[in-house]
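One structure is given here, and the rest of the page talks about it.
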Amino acid sequence: MSAVGELFSQKRKAKKISLAKVSHDLLVKQEHLDAIEKGQWANLPEPTFAKGFIKIYAQYLGLDTSKILPLYRREYDETKYPHKQSPLQIKKRLMITPNKFALLLFIVTIAIFASYLLIQYFSILSAPKLEIISPPDDLTTSVPAITIDGRSEKEAMVSVNGQFIPIDDQGKFSYQYKLTQGKNTIEIIASKRLSPKSKVTRLVRLSK
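Every letter in the sequence shown is one number past the one before it in numbering that gives the first Met the number 0, and letter 95, counting from 1, is 94.
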């Protein structure tokens, strides 16, 4: 325990006053009063406030502040105080100025634009979706023609066994396909520029 802290502790105990009462009377946190009595100066707020606490605590106990403060200064080198940011300093750092807001807006705009480009890039490089609604696979029929219904992407080109077929602005298509006797393998392909192809195969048997 430090010499200064010992003076406070002895005087308080001699007066039979608890730290809790001192804290209540002076409106100073008990942990700060405890740090003063133990000489744990680094646990106190910055030196300006620490000296204020020491002064009012000394006056409260009837100690001579003209002697206490010099003892404190000899005991503790304030230049070694681990500077902590006050709430005011933190608030000032967090305050958004017009320049900071403009910079933030610029960064957000760039991020949104970059995200859009990435989405478009991967959309171009990804295979187009292709869904065949009819006919079902492995179908046997006696009708010599079937309707191939499906949907893809409106930017895609769709072909049936190498024959390109029209597609509407919603990506839907419908195509009449003539069957030959026996097994018919129908290959439907959707393709886009620079993208892999999507392929669906249907097996249809024409029976007599």
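Ideal placement from N, C-alpha and C gives every residue a C-beta, glycine not left out.
Since the structure is predicted, the reported quantities are computational estimates derived from the model, not experimental observations.
In angstroms, rounded to a whole number, what distance separates the CA positions of residue i and residue j?
i           : j           : result
residue 107 : residue 119 : 18 Å
residue 130 : residue 199 : 8 Å
residue 197 : residue 158 : 11 Å
residue 166 : residue 191 : 13 Å
residue 16  : residue 24  : 11 Å
residue 138 : residue 160 : 17 Å
residue 109 : residue 100 : 14 Å
residue 207 : residue 179 : 11 Å
residue 168 : residue 194 : 20 Å
residue 140 : residue 132 : 17 Å
residue 117 : residue 125 : 12 Å
residue 114 : residue 104 : 15 Å
residue 70  : residue 10  : 16 Å
residue 1   : residue 97  : 50 Å
Could you tell me if residue i is buried or exposed, where buried requires 16 or more neighbouring beta carbons within 10 angstroms of its beta carbon?
i           : result
residue 127 : buried
residue 151 : buried
residue 77  : exposed
residue 201 : buried
residue 41  : exposed
residue 111 : exposed
residue 36  : buried
residue 205 : buried
residue 8   : buried
residue 56  : buried
residue 170 : buried
residue 102 : exposed
residue 27  : buried
For the beta strand (DSSP E) containing residue i, list its first residue and its last residue.
i           : result
residue 192 : Run containing residue 192: none; DSSP gives neither H nor E here.
residue 138 : 138-140
residue 96  : Run containing residue 96: none; DSSP gives neither H nor E here.
residue 133 : 130-133
residue 162 : 162-164
With respect to the alpha helix (DSSP H) encompassing residue i, which residues constitute its N-terminal and C-terminal limits?
i           : result
residue 178 : Careful: residue 178 lies outside any alpha helix (DSSP H) and carries neither H nor E.
residue 152 : Careful: residue 152 lies outside any alpha helix (DSSP H) and carries neither H nor E.
residue 67  : 64-74
With a cut-off of 8 Å on the beta carbons, I'd call residue i and residue j a contact; round off their distance for me.
i           : j           : result
residue 54  : residue 47  : In fact, because the Cβ distance is near 11 Å, the residues do not count as touching under 8 Å.
residue 6   : residue 43  : So it is not a contact: roughly 16 Å between Cβ atoms.
residue 149 : residue 163 : Rounded, the Cβ-Cβ distance is 14 Å, inconsistent with contact.
residue 203 : residue 185 : 6 Å
residue 174 : residue 144 : Going by Cβ atoms, the distance from residue 174 to residue 144 rounds to 10 Å, so no, they are not a contact pair.
residue 135 : residue 147 : At roughly 11 Å, the Cβ-Cβ gap does not stay under 8 Å, so residue 135 and residue 147 are not in contact.
residue 59  : residue 21  : 7 Å
Kindly provide the ranges of any alpha helix (DSSP H) runs that are 4 or more residues long and lie completely inside the stretch 8-60, ordered along the chain. Qualifying alpha helix (DSSP H) stretches, in chain order: 18-25, 29-37 and 46-60.
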